[in-house]
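*Asks:* Once you've had a glance at the structure underneath, I'll fire off some questions.
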Amino acid sequence: SQSLELAQQSSSGIIDMLINNGGISSRSSFLETKLDVDEKLMQVNFFSGAALAKRLVPGMVGKEGGMVIWISSVQGKLGTPYRTSYAASKFAIQGYCEALRSELASSNVSVHVISPGYIRTNLSMSAVMGDGRAYSQMDETTANGADPDEIAAKILNSVTAGETDFVVAATLSAKAALWLKFLAPSFLESMLVKRFEKQNKIESKKK
873 SQSLELAQQS SSGIIDMLIN NGGISSRSSF LETKLDVDEK LMQVNFFSGA
923 ALAKRLVPGM VGKEGGMVIW ISSVQGKLGT PYRTSYAASK FAIQGYCEAL
973 RSELASSNVS VHVISPGYIR TNLSMSAVMG DGRAYSQMDE TTANGADPDE
1023 IAAKILNSVT AGETDFVVAA TLSAKAALWL KFLAPSFLES MLVKRFEKQN
1073 KIESKKK
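Numbering (this note's numbering), first residue to last: 873 to 1079.
What follows is the structure in structure tokens.
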């Protein structure tokens, strides 16, 4: 709502570029995740950005020019265990942008979706557990992630160069998994099952 108010206060009322970058993650298995958590992540990660697009994109279409830049996640291309809520919200972004891109192309409005891997932010700290409580822990992978300023510069350079759907800051294992999804999906599935079983044992010991 604050973003929409700022847009309305601009001199022309028309925004040239929309960057949807807000989001929260999840840390729980499907069986231990309340529907309220699924809905919360969809609201924050997808519907809030869609609401901004609904309000601002018509102005871009009217002047025949603009950009929609949406920060998604590698989880929007490959769902992994203990991330059902997060993956669902990011897959929604991916599909939404793919459909929107074709609709807006003739109006000279470009749609870009970026799928980052691990970036050194507070994403894991603010993640939500299955019962709605905050995870409040800094994951090692996040702590050792890419520098956010460097990734931001890389994203802007790539968007300026005309790239519309790309991955940044992905680990070698994430890149391999994305290839396996298309080349050897059954093998990848077995790997994800093993990953879930390993994580499930770790979580069971915590209880």
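C-beta atoms are modelled at their ideal positions from N, C-alpha and C, and glycine is treated no differently. Since the model is a prediction, treat every value here as computed from it, not as a measurement.
With DSSP as the reference, label serine 1018 as helix, strand or coil.
*Replies:* What you label residue 1018 is simply residue 146 of the sequence shown in a count that begins at 1. Per the sequence shown, the amino acid found at residue 1018 is alanine instead of serine. In the three-state reduction of the DSSP assignment, alanine 1018 falls in the strand class, which pools E and B.
*Asks:* What are the residues that DSSP puts in a beta bridge with arginine 955?
*Replies:* Numbered from its first residue, the sequence shown carries residue 955 at position 83. Answer by DSSP bridge pairing, in chain order: Ser900.
*Asks:* Assuming aspartate 908 is part of the alpha helix (DSSP H), what are its boundary residues?
*Replies:* For this step, residue 908 is matched to residue 36 along the sequence shown. Its alpha helix (DSSP H) spans residues 907-914.
*Asks:* Mapping the DSSP letters down to three states, classify methionine 997 as helix, strand or coil.
*Replies:* In the sequence shown, counting from the first residue as 1, residue 997 sits at position 125. DSSP places methionine 997 in coil when its eight states are reduced to three.
*Asks:* Based on DSSP bridge pairs, tell me the residues matched to glycine 938.
*Replies:* Position 66 of the sequence shown, counting from 1, holds the residue named residue 938. According to DSSP, glycine 938 bridges with Val981.
*Asks:* Kindly indicate which three-state DSSP category leucine 1050 falls into: helix, strand or coil?
*Replies:* On the sequence shown, residue 1050 is found 178 positions in, with the first residue counted as 1. Helix, per DSSP.
*Asks:* If you drop the 5 nearest sequence neighbours on each side, which residues of the same chain put their C-beta closer than 6 Å to that of asparagine 917?
*Replies:* Against the sequence shown, residue 917 aligns to sequence position 45. The answer, listed in chain order, is Gly895, Ser961.
*Asks:* Does the Cβ of glutamine 1131 have 16 or more other Cβ atoms within 10 Å, making it buried, or fewer, making it exposed?
*Replies:* As displayed, the chain neither begins before 873 nor continues past 1079, which places residue 1131 out of reach and without an answer.
*Asks:* When DSSP labels each residue in this structure, what does alanine 1024 get in the three-state scheme?
*Replies:* Here residue 1024 refers to the residue found at position 152 when the sequence shown is read from its first residue. Alanine 1024: helix per DSSP, three-state reduction.
*Asks:* Count the CB pairs spanning the stretch 933-949 and the stretch 980-988 that are closer than 8 Å, and state whether there are at least three.
*Replies:* yes
*Asks:* Within 10 Å of its beta-carbon, does valine 1065 have 16 or more other beta-carbons around it, so buried, or fewer, so exposed?
*Replies:* Counted from its first residue, the sequence shown places residue 1065 at position 193. Counting Cβ neighbours within 10 Å, valine 1065 comes out exposed, since fewer than 16 surround it.
*Asks:* Measure how close the beta-carbons of serine 898 and leucine 913 come, nearest whole angstrom, since I'm counting them as under 8 Å.
*Replies:* Numbered from 1 along the sequence shown, position 26 holds the residue referred to as residue 898. Numbered from 1 along the sequence shown, position 41 holds the residue referred to as residue 913. About 6 Å separates the two Cβ atoms, so the contact holds.
*Asks:* Let me confirm a value: lysine 926 is counted as buried when at least 16 other C-beta atoms fall within 10 Å, else exposed. Which label applies?
*Replies:* Residue 926 sits at position 54 when you count from the first residue of the sequence shown. Exposed is the call here.
*Asks:* Quick one: grab the DSSP three-state call for serine 945.
*Replies:* Taking the first residue of the sequence shown as 1, we reach residue 945 at position 73. If DSSP states are grouped into helix, strand and coil, serine 945 belongs with coil.
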